[in-house]
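A.B. asks: In our numbering, the protein residues as written are 99 to 290. Dumping the structure here so I can ask a few things about it.
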């Protein structure tokens, strides 16, 4: 059954509802974990987004005591914004439509510098299949810590993924990678 309200369709399929509830619960656990790890380490984080268009910033703002570790973020959606605000190379950006591993890394490093944060994330990519992406959905993201890129990856999605879902999937995956890196850092400190 599909419910319509104010032009928005919602499935009442119990499987879809359960999936959404599980997704939200997993996100809440992820938020709690990341927030507590950053607080206990006394480290901070900032975000530079394009394809996720604020979902990562929203996610960090939902973490308990976010103001203790979340320095801020920006959504630089256009080439001009990436070049002017995050010092992405204009020629490189033109050549790859602002979507490459190096662009994501530059975004991560420069948002950390701007916000003076220990950790940072940069992400750029496609949430809808377009000619520039050869009809594919993918994103590049990078995570930096103290001025060094520690993760730089490409994440591919099925081309049938709806745009909001793509943005959520990218965001959840990136936060999951940040969690793993926080775990590694915590274990290194514990072993010292």
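Positions of the beta carbon are idealized from the N, C-alpha and C atoms, including for glycine.
Any chance you could list the alpha helix (DSSP H) runs of at least 4 consecutive residues sitting entirely within the stretch 170-245, in chain order?
C.D. replies: Counting whole runs of 4 or more residues, the stretch 170-245 contains the alpha helix (DSSP H) stretches 177-184, 188-194, 199-213.
A.B. asks: Is it true that the CB of residue 277 sits closer than 8 Å to the CB of residue 49?
C.D. replies: Summary: the structure shown does not reach residue 49, with the chain confined to residues 99 through 290, and so no result is reported for it.
A.B. asks: When you compare each of 158, 168, 245, 239 to residue 224 by their alpha carbons, which one comes out closest?
C.D. replies: Position 126 of the chain shown, counted from the start, is the residue given in the question as residue 224. Here the closest residue by C-alpha is 239.
A.B. asks: Would you call the stretch 121-137 in contact with the stretch 262-273, where contact means no fewer than 3 C-beta pairs closer than 8 Å?
C.D. replies: Flag = yes, the stretch 121-137 and the stretch 262-273 touch.
A.B. asks: Determine the extent of the beta strand (DSSP E) in which residue 146 is found, giving its start and end residues.
C.D. replies: Counting from 1 along the chain shown, the entry for residue 146 is found at position 48. It spans 143-147 - the beta strand (DSSP E) in which residue 146 sits, taken as one unbroken run.
A.B. asks: Assuming residue 248 and residue 279 make a contact with CB atoms under 8 Å, what is their CB distance in whole Å?
C.D. replies: One-based indexing of the chain shown puts residue 248 at position 150. One-based indexing of the chain shown puts residue 279 at position 181. That pair is a contact at about 6 Å.
A.B. asks: Can you give me the start and stop residues for the alpha helix (DSSP H) that residue 166 sits inside?
C.D. replies: For the purposes of this step, residue 166 is taken as residue 68 along the chain shown, with counting starting at 1. Careful: residue 166 lies outside any alpha helix (DSSP H) and carries neither H nor E.
A.B. asks: Work out the CA separation of residue 170 and residue 159 for me, nearest whole Å.
C.D. replies: Counting from 1 along the chain shown, the entry for residue 159 is found at position 61. Counting from 1 along the chain shown, the entry for residue 170 is found at position 72. Each residue's alpha carbon lies about 9 Å from the other.
A.B. asks: Within 10 angstroms of the Cβ of residue 176, are there 16 or more other Cβ atoms? Answer buried if so, exposed if not.
C.D. replies: Residue numbering aside, residue 176 sits at position 78 when the chain shown is read from its first letter. With fewer than 16 Cβ atoms within 10 Å of its Cβ, residue 176 is classed as exposed.
A.B. asks: Residue 218 to residue 209, Cα distance in whole Å?
C.D. replies: Position 120 of the chain shown, counted from the start, is the residue given in the question as residue 218. Position 111 of the chain shown, counted from the start, is the residue given in the question as residue 209. Those two C-alpha atoms are separated by around 7 Å.
A.B. asks: Does any residue of chain D bring its CB to less than 8 Å from the CB of residue 274?
C.D. replies: Judged by its chain identifiers, the structure shown contains no chain D, having just a single protein chain.
A.B. asks: Could you check what DSSP says for residue 138 in three-state terms: helix, strand or coil?
C.D. replies: Here residue 138 refers to the residue found at position 40 of the chain shown. Helix, per DSSP.
A.B. asks: Can you tell me whether residue 151 is helix, strand or coil according to DSSP?
C.D. replies: To locate residue 151, count along the chain shown from 1; it is residue 53. Residue 151 falls in the coil class under three-state DSSP.
A.B. asks: Check for me: the alpha helix (DSSP H) holding residue 284 runs from which residue to which?
C.D. replies: Along the chain shown, read from residue 1 onward, the residue named residue 284 stands at position 186. Per DSSP, residue 284 belongs to the alpha helix (DSSP H) from 261-289.
A.B. asks: Alpha carbon to alpha carbon, how far is residue 154 from residue 211?
C.D. replies: For the purposes of this step, residue 154 is taken as residue 56 along the chain shown, with counting starting at 1. For the purposes of this step, residue 211 is taken as residue 113 along the chain shown, with counting starting at 1. Approximately 18 Å, taken between the alpha carbons.
A.B. asks: In three-state terms, what does DSSP make of residue 100?
C.D. replies: Translated into the one-based positions of the chain shown, residue 100 becomes position 2. With a pLDDT of 40 at residue 100, under the threshold of 50, the modelled position of that residue is not reliable, and no figure is offered here.
A.B. asks: Spatial neighbours of residue 185 within its chain, please: CB distance less than 6 Å, with the 5 preceding and 5 following residues excluded, ordered by chain position.
C.D. replies: Taking the chain shown and counting its residues from 1, one reaches residue 185 at position 87. The residues are 208.
A.B. asks: Measure the beta-carbon distance from residue 148 to residue 196 and round it to whole angstroms, keeping in mind my assumption that it falls under 8 Å.
C.D. replies: Counting from 1 along the chain shown, the entry for residue 148 is found at position 50. Counting from 1 along the chain shown, the entry for residue 196 is found at position 98. Right, the Cβ-Cβ distance comes to about 7 Å (below 8 Å), so this counts as a contact.
A.B. asks: Taking just the CA atoms, how far does residue 172 sit from residue 288?
C.D. replies: Taking the chain shown and counting its residues from 1, the one referred to as residue 288 is at position 190. Taking the chain shown and counting its residues from 1, the one referred to as residue 172 is at position 74. Rounded to whole angstroms, residue 288 to residue 172 spans 33 Å at the Cα level.
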